[in-house]
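Heads up, the thing below is written out as structure tokens.
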Amino acid sequence: MIRINITKNNTRKTKSFLDKEEFIKYLKSDLSFHGVLKIANDVWNLNVAQKINFFGHTFSIQSKQRSGNILMNGK
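Taking our numbering, I'd label the letters of the sequence shown as residues -19 to 55.
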């Protein structure tokens, strides 16, 4: 899981994504970006606390966590 801060006009929201494909769907639907694959790759490959700007939006990585070994129903 990756948490990405998205800032525009001094308003920040934090979104969580399980994988890059989910992030790409978000970019296409909520932000209507062109060149979504390049933007998604550039943002996804950032290190924590790095930032990058696209079309008036600033993207920064809040955290990256591996989502391995998830326990379900006590098993």
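Note that beta-carbon positions come from the ideal geometry of N, C-alpha and C, so glycine has one too. Because the structure is a prediction, the values reported are computed rather than measured.
Query: Enclosing alpha helix (DSSP H) for residue 8 [first to last residue]; Result: Element bounds for residue 8: n/a, residue is neither H nor E.
Query: Option in 44, 39, -2 and -17 with minimal Cα separation from residue -10; Result: 39
Query: Classification of residue 20 by the beta-carbon crowding that lies within 10 angstroms, buried from 16 upward; Result: buried
Query: Limits of the unbroken beta strand (DSSP E) element including residue -11; Result: That residue, residue -11, is in no beta strand (DSSP E); it is neither H nor E in DSSP.
Query: Contained alpha helix (DSSP H) runs [length at least 4] in the stretch 13 to 42, N- to C-terminal order; Result: 16 to 24
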